[in-house]
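If you read the sequences in order, they're chains A and B.
Counting with this note's numbering, you get residues -2 to 326 for the letters of the first sequence.
Counting with this note's numbering, you get residues -2 to 326 for the letters of the second sequence.
Here is the structure we will look at.
There are 2 protein chains.
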Amino acid sequence: MNGGRGTRLFINEVATRDGFQMESRFVPTEDKIALVDKLGGLGYAKIEVTSFTSPKAIPALRDGEEVMHRIARRPGVVYTALVPNLRGGERALESRTDEFNIVMSASETHNLSNLRMTREQSFAQLAEVIALAKQAKVPVNVSLSCVFGCPMEGEVAPDAVLGWVERFAALGVAGITLCDTTGMAYPTQVQTLCAAAMARFPGLELTAHFHNTRAMGLVNTVAAIEAGIRRFDMSLGGIGGCPYAPGASGNVATEDVIHMLQCMGYETGMDLPGLLDAAGVLERLVEHPLPSQVSRAGPRLRRHAPPADFEQIVARANARRPDTKELRA
Amino acid sequence: MNGGRGTRLFINEVATRDGFQMESRFVPTEDKIALVDKLGGLGYAKIEVTSFTSPKAIPALRDGEEVMHRIARRPGVVYTALVPNLRGGERALESRTDEFNIVMSASETHNLSNLRMTREQSFAQLAEVIALAKQAKVPVNVSLSCVFGCPMEGEVAPDAVLGWVERFAALGVAGITLCDTTGMAYPTQVQTLCAAAMARFPGLELTAHFHNTRAMGLVNTVAAIEAGIRRFDMSLGGIGGCPYAPGASGNVATEDVIHMLQCMGYETGMDLPGLLDAAGVLERLVEHPLPSQVSRAGPRLRRHAPPADFEQIVARANARRPDTKELRA
C-alpha cells in the first residue's frame, strides 16, 4: 500500500436509490430532495438519485420523477438513476436524468431470482434501453451484479464476467460497475478481476461497488485502487445493499471509506464533516441506527475528554516517587 | 497485495481476557474453562486466558487462578495472562502461566487515565514484574497501548513509541504488541510504524493488535502483514476492546480476520468452522449479539436457497422468447 498522494478518486453515492429502496419507512419526497441537494455540495462525482422501476415493485421510490425534477443540479455532478426497461427509460428521459444505470447479474440463478428473466432475456431488454439512451445522447452505465460470487451458485467465473462486460462494451455503454452484491469479494480476487477488466477494456469507465457483509469492504476498496480502479459506489450510513439483518452491513458506508481514503492521502474531493452531518440527517429519515462506524465513533482525531477526576489522578501520581513500591496493589 | 501463499501467521486469542473484562455479565468459571479448552484445539499460537489484576478492579476475571489451573494445556499453545504488578506476577506464577503480558500506554494522558500512573511510574513497576518473570524463566510480552494515536492527546509520535519499545527491549522482554487501542490506526500509518519497528528490533517478537472502531481493522491487518508482521491479536466475536456502544466494534473479530486471511491464501493454522461454532457458544455466554460479521453472514461460499417459487420463475422465463417485447413492465 503506497498511499494515495496525487491519486484522484471519484465517488458515487447510492444511498438515495440502493439505500432507500430497502427501507421499510417511506422517506417523504421533500426529505429526499433536501438530502440529494445536501449531498450535491459534498464533492461527489455522481449521485444515484432514484429508480424508474414500477412504483408497484418498489413503492419506496415511487416519487422518482418528482425528485429528479425538483433537485438542484450542481454543475459537475452526474445525477443518475436506475433504469430497468424501456418504460423506465422514457420516464428517466422525461425527468432529465444525466445517465442511465442499468442492472443485470453475472449469475444466471441470481438474475432469475432477482429480475425473473434469464441473463439473455435481460441482455436483450437492456439492449433496447441502451438504444433509447443512445438516441437521446444519454450515457449508460451497467451495474453487473454478483461478479465476485453468487449467494446461490457460489463462485462466478471471471471469464464469464468479462464476457458480459465485452457484450455491453460492444453496445457502446460508457461504463461498467463491478458489483460485489452480497459481500463475497476478497482482496486478492478483487485485484485479479479488476486488473483483468482494466487491461481488457481500457476505454470503459470502470467502477467498483463493495459490500461490508463480511467486514472486507474497506480492504477490498484498497485492493481495487491498487489494481487501477478510480471510481467507487458507496452508500451514506452504509444503508441498503441487502444487509442480512437490521443494523448489519450491506453497502460500504461512504463516511467510513472516505475517512480511510483521506487518512491515506487519496484525493477524493469529498467533504468529510459534511458527510457526517448528512449521515445524521439520514439517520433521522430512516429512523434506525446506521451500520456505518465513523458516523458514531467520529474521525480518528476526534478528541475525548480525560476522566472527570483527571486532575486528582495527576496530583496523586505526581506525589509519588517514580519508584513504585508503594503502588503495589 | 500479493496474497499469502506460503506465509505463516500466528494468531493470539484475547476474547477470554480483553473481551470478558468488558462484559457486564459474569461468565461462570466452568464456562470460561470450557471455552478456553475449545479454543485450544482451533490452531491458536497463544490464548490470553485471564488477568491477574485485583479482583476488586476487574471482578469479571476474579477467577483467574481457578481458570488457569483447570484448563487443559495443549502442547504448542502459549497460555498467557495479563499481569499488572508484582502481586499479579506471583499469582500468575503460582497458576503456571506460560507468559506474562504486561501493559502500559505510549500516551501519558491515556496511561494516567487508565492506570493512574505516569508512564515512568508504570515502567518502574513493570521493570519489577519483568525481573520476577526473568527469575522464574517465564517470557514477557509488553502490550503497548495507543501506539497509533490517543483518544485524548491525538497523534502519538512514532519516535516516542519506538523509544518505549527500546527501553523494554533493553530489559530483555521477548515481545512487544503494538496496540491500536481505540481504532485510530490507518493502513499507511500501520505500514510505516510496523516497518520501522521490524527494522529496528529484529530480535523482538512483534505482534499487532487492531480494533475495528472505524471499519479499518481488516485493512490494517493486511497493511501490517505487508510490513512483515506475522503475529496478531484478535477477539472471538469481536468482543471487548472498548467498543463505543453495545454491538459496536471494538477488537477485530477473529472469525472475520481469519476468513479474509484464508481467502487470501495465508497459512493461519486456524479451524474456521470451529471458530464459528465457538462464536455461537460465546454469544450464548455473553447474552448479546456479537459485533463480528462472518459469525452471522457465514463464510463467503455459504450457499443460500433461491426463492421458494424459483421453479415457476424459470418455467415462465423459458416460455418467453429471448426477445423481450412482452416483458416490458
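The C-beta atom is built at its ideal place from N, Cα and C for all residues, glycine as well.
Keep in mind that this is a model prediction, so the values were computed, not measured.
Can you pull the chain B neighbours of residue i, defined as C-beta to C-beta under 8 Å?
i                            : result
glycine 160 of chain A       : The premise fails here: glycine 160 of chain A is roughly 17 Å from chain B at the closest Cβ pair, so nothing lies under 8 Å.
isoleucine 310 of chain A    : Leu109, Ser110, Arg113
cysteine 176 of chain A      : Ordered by position in chain B, no residue passes the 8 Å Cβ test against cysteine 176 of chain A, which lies about 15 Å from the chain.
histidine 301 of chain A     : Pro148, Met149
phenylalanine 229 of chain A : None at all; the shortest Cβ gap to chain B is about 14 Å.
Use the C-beta contact count for residue i: other C-beta atoms within 10 angstroms, 16 or more gives buried, fewer gives exposed.
i                        : result
serine 246 of chain B    : buried
glycine 16 of chain B    : buried
glycine 61 of chain B    : buried
glutamate 105 of chain B : buried
arginine 325 of chain B  : Low local confidence applies: a pLDDT of 42 at arginine 325 of chain B is under 50, so the model's placement there is unreliable, and no value is given.
glutamate 323 of chain A : Here glutamate 323 of chain A scores only 46 on pLDDT, less than 50, and its place in the model is too uncertain to base an answer on.
arginine 5 of chain B    : exposed
glutamine 132 of chain B : exposed
leucine 298 of chain A   : exposed
asparagine 98 of chain A : buried
lysine 53 of chain B     : exposed
proline 72 of chain B    : exposed
arginine 300 of chain A  : exposed
lysine 134 of chain A    : exposed
glycine 235 of chain A   : buried
alanine 221 of chain B   : buried
proline 270 of chain B   : exposed
proline 25 of chain B    : exposed
glutamate 96 of chain B  : buried
serine 92 of chain A     : buried
Between residue i and residue j, how many whole angstroms is the CB-CB distance? I'm expecting something under 8 Å.
i                          : j                        : result
glutamate 10 of chain A    : glutamate 63 of chain A  : With 8 Å as the limit, glutamate 10 of chain A and glutamate 63 of chain A do not qualify as a contact, their Cβ atoms being about 19 Å apart.
valine 137 of chain B      : asparagine 82 of chain B : That belief does not hold up - the Cβ atoms of valine 137 of chain B and asparagine 82 of chain B are roughly 13 Å apart, past 8 Å.
methionine 101 of chain A  : serine 48 of chain A     : In fact, because the Cβ distance is near 15 Å, the residues do not count as touching under 8 Å.
isoleucine 173 of chain A  : leucine 203 of chain A   : 6 Å
phenylalanine 7 of chain B : arginine 227 of chain B  : 6 Å
valine 33 of chain A       : isoleucine 68 of chain A : 5 Å
alanine 276 of chain B     : glutamate 252 of chain B : 6 Å
leucine 175 of chain B     : alanine 194 of chain B   : 7 Å
methionine 267 of chain B  : glutamine 188 of chain A : About 23 Å separates the two Cβ atoms, so there is no contact after all.
In three-state DSSP terms, what is residue i?
i                            : result
phenylalanine 17 of chain B  : helix
valine 11 of chain B         : coil
alanine 31 of chain A        : helix
aspartate 156 of chain B     : helix
leucine 203 of chain A       : strand
lysine 322 of chain B        : Any reading at lysine 322 of chain B must be qualified, since the residue scores a pLDDT of 49, below 50, and its modelled position is unreliable; no value is offered.
methionine 213 of chain A    : coil
valine 64 of chain A         : helix
alanine 78 of chain B        : strand
lysine 195 of chain B        : Here the sequence assigns methionine to residue 195 of chain B, which means lysine is not the residue at that position. Reduced to three states, the DSSP call for methionine 195 of chain B is helix.
phenylalanine 165 of chain B : helix
arginine 313 of chain A      : helix
threonine 178 of chain A     : coil
valine 24 of chain B         : coil
threonine 47 of chain A      : strand
proline 237 of chain A       : Note that residue 237 of chain A is glycine in the sequence shown here, rather than proline. DSSP places glycine 237 of chain A in coil when its eight states are reduced to three.
Listing by chain order, which chain A residues have their CB less than 7 Å from the CB of residue i?
i                           : result
histidine 378 of chain B    : Because chain B spans -2 through 326 in this model, residue 378 of chain B falls outside it and cannot be assessed.
alanine 220 of chain B      : Met(-2)
phenylalanine 97 of chain B : By Cβ distance, chain A contributes nothing, its closest Cβ being about 15 Å from phenylalanine 97 of chain B, past 7 Å.
Would you mind telling me which residues of chain A sit closer than 9 Å to residue i, beta carbon to beta carbon, in chain order?
i                        : result
aspartate 253 of chain B : Arg211, Ala212, Met213
arginine 317 of chain B  : Met114, Thr115, Gln118
Starting from residue i, find everything on chain A with Cβ-Cβ shorter than 8 Å and list it in chain order.
i                         : result
alanine 294 of chain B    : Gly180, Thr210, Arg211, Tyr241, Ala245
methionine 257 of chain B : Tyr183, Pro184, Arg211, Ala212, Met213, Val216
histidine 285 of chain B  : The premise fails here: histidine 285 of chain B is roughly 13 Å from chain A at the closest Cβ pair, so nothing lies under 8 Å.
proline 304 of chain B    : Ser110
glutamine 132 of chain B  : Near glutamine 132 of chain B there are no residues of chain A at all, since even the closest Cβ is about 17 Å away, more than 8 Å.
glutamine 18 of chain B   : Residues of chain A passing the Cβ test: none, with the nearest at roughly 15 Å.
valine 291 of chain B     : Arg211, Ala212
For residue i, which residues in chain B fall below 9 Å Cβ to Cβ?
i                        : result
leucine 298 of chain A   : Gly146, Gly151, Glu152, Met181
valine 139 of chain A    : Chain B residues near valine 139 of chain A: none, gap ~16 Å exceeds 9 Å.
glutamate 223 of chain A : Met(-2)
Below 7 Å on C-beta distance, what does residue i contact in chain B?
i                            : result
alanine 314 of chain A       : Leu109, Arg113, Met114, Thr115, Gln118
cysteine 260 of chain A      : Tyr183
threonine 106 of chain A     : Pro303
phenylalanine 165 of chain A : By Cβ distance, chain B contributes nothing, its closest Cβ being about 16 Å from phenylalanine 165 of chain A, past 7 Å.
glutamine 188 of chain A     : Met(-2)
Could you tell me whether any Cβ in chain E is nearer than 8 Å to the Cβ of residue i?
i                     : result
valine 278 of chain B : Among the chains of the structure shown, chain E does not appear; the protein chains present are A and B.
Length at least 3, wholly inside the segment 249 to 310 of chain A: the beta strand (DSSP E) runs in chain order: none
Minimum length 4: unbroken alpha helix (DSSP H) runs contained in the segment 85 to 153 of chain B: 105 to 112, 116 to 132
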